[in-house]
Amino acid sequence: MEPVRTCIGCRSRAPRASLQRFVARDSELVVDQTATLPGRGAWLHPSIECFQDALRRRAFGRALRVTSPLDAKQLENRLNWLMDN
Numbered sequence: 001m002e003p004v005r006t007c008i009g010c011r012s013r014a015p016r017a018s019l020q021r022f023v024a025r026d027s028e029l030v031v032d033q034t035a036t037l038p039g040r041g042a043w044l045h046p047s048i049e050c051f052q053d054a055l056r057r058r059a060f061g062r063a064l065r066v067t068s069p070l071d072a073k074q075l076e077n078r079l080n081w082l083m084d085n
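Heads up: the sequence shown runs through residues 1 to 85, numbered per UniProt numbering.
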């Protein structure tokens with residue numbers, strides 16, 4: 001039985017393998033490639049739509065339980081690059 005997680009963008013449940021995990025490091029969102037970095041994680045479909053929904057709803061801050069603003073520029077650039085390739 002594969003683990004299931006909820007995307008913070010679209011709020012749909014999906015297998016863990018189809019979602020990407022993110023953590024907060026020094027007020028910046030960091031991609032957790034191996035899903036082993038310490039701390040709370042937020043799961044998101046690797047799509048620009050889910051990313052924009054999560055930003056609009058301020059879901060990263062709630063999911064990661066941080067009160068300071070998070071820099072998501074690196075993440076946005078990465079998702080745009082994935083969509084272009």
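Idealized CB from N, CA, C, for every residue including glycine.
Under three-state DSSP, which class holds Glu28? The residue you call residue 28 lines up with position 28 of the sequence shown. Glu28: strand per DSSP, three-state reduction.
Contact check, Gln20 vs Leu44 under 8 angstroms by CB: the rounded distance? Here the question's residue 20 lines up with position 20 in the sequence shown. Here the question's residue 44 lines up with position 44 in the sequence shown. That belief holds up - the Cβ atoms of Gln20 and Leu44 are roughly 6 angstroms apart, short of 8 angstroms.
Starting from Leu44, trace the beta strand (DSSP E) both ways and give me its first and last residue. Here residue 44 refers to the residue found at position 44 of the sequence shown. Its beta strand (DSSP E) spans residues Ala42 to Leu44.
Between Arg16, Asp53, Pro3 and Leu29, which lies nearest to Gly9 when the distance is taken from Cα to Cα? Residue numbering aside, residue 9 sits at position 9 when the sequence shown is read from its first letter. Considering only alpha carbons, the answer is Asp53.
Nearest by alpha-carbon distance to Gly61: which of Arg25, Met1, Pro3 and Arg13 is it? The residue you call residue 61 lines up with position 61 of the sequence shown. Nearest option by C-alpha distance: Arg25.
Given Asp32, which residues of its chain have a CB within under 7 angstroms of its CB, disregarding the five upstream and five downstream residues? Residue numbering aside, residue 32 sits at position 32 when the sequence shown is read from its first letter. Excluding positions up to five away in sequence, the list reads Arg21, Phe22, Val23 and Gly41.
State buried or exposed for Val75, treating a residue as buried only when at least 16 other CB atoms are found within 10 Å of its CB. Sequence index remark: in the sequence shown, residue 75 carries index 75 (1-based). Here residue 75 turns out to be Leu, not Val, going by the sequence shown. Flag for Leu75 reads buried.
In three-state DSSP terms, what is Gln20? In the sequence shown, the residue the question calls residue 20 occupies position 20. Gln20 falls in the strand class under three-state DSSP.
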